[in-house]
Amino acid sequence: MTDNTLTIREMCDTYDVTPRTLRFYESKELLFPIREGQKRLFTKRDRARLKLILRGKRFGFSLEQIRQLLDLYDAGDQQQVQLERTYELGRERLADMELQRDELNQAIDDLKEQLKWGEKIITSNKQNKKAAE
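Just so we're aligned, residue 46 is where the sequence shown starts under the working numbering, counting upward by one.
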């Protein structure tokens, strides 16, 4: 490793990803490692982009959304458009996640109620069986 580049193995170890993941992101033109024969060398820019890709995936952004946001970096406006668009998408994603959480909480509550009902029926059936014996 040099101060400026990491090999594919070093990237995998540093960011806990597989070589296949890095090659996939490269094929989708999200990362642009330097090619030296079969060797891939990832620059500081690639590392920064990978961090953003991984964070975006963690938040549920599509690869296309992530690509669009990364492409805005070079807009020449000190990343103002990129920041604004990222903020806008982030707010939308947060609203989606909160809605999903609320729906999941409701489903959990409903399932708990069904389990309580089932437990009462099972207990009642066992008591009826013992009484019949």
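Positions of the beta carbon are idealized from the N, C-alpha and C atoms, including for glycine.
- Between the region 80 to 89 and the region 48 to 64 there are three or more C-beta pairs closer than 8 Å, enough to call the two in contact.
- DSSP places lysine 84 inside the beta strand (DSSP E), whose first and last residues are 84 to 87.
- Judged by DSSP secondary structure, glutamate 81 falls within the beta strand (DSSP E) whose first and last residues are 79 to 81.
- Spanning the alpha carbons of leucine 99 and glutamate 81 requires a straight line of approximately 25 Å.
- A direct Cα-to-Cα measurement between alanine 177 and lysine 161 gives close to 24 Å.
- Residues Ile53, Arg54 and Cys57 of the same chain have their beta carbon placed closer than 8 Å to that of proline 64, with the five preceding and five following residues left out of the count.
- Contact between leucine 134 and leucine 75 does not hold, since their C-beta atoms are separated by about 16 Å, which reaches or exceeds 8 Å.
- Ranked by how close their Cα comes to the Cα of aspartate 61, the residues Leu95, Asp122 and Lys175 have Leu95 in first place.
- With distances taken between CA atoms, alanine 93 lies nearest to Phe77 out of Phe77, Asn170, Phe104 and Arg138.
- Rounded to the nearest whole angstrom, the CA to CA distance from glutamine 123 to threonine 131 is 14 Å.
- Taking a 10 Å sphere around the C-beta of isoleucine 167, we find fewer than 16 other C-beta atoms and assign the residue as exposed.
- Between tyrosine 118 and glutamine 110, the beta carbon gap of about 14 Å keeps them out of contact (Cβ cut-off 8 Å).
- In the structure shown, threonine 52 falls within a strand segment according to DSSP collapsed to helix, strand and coil.
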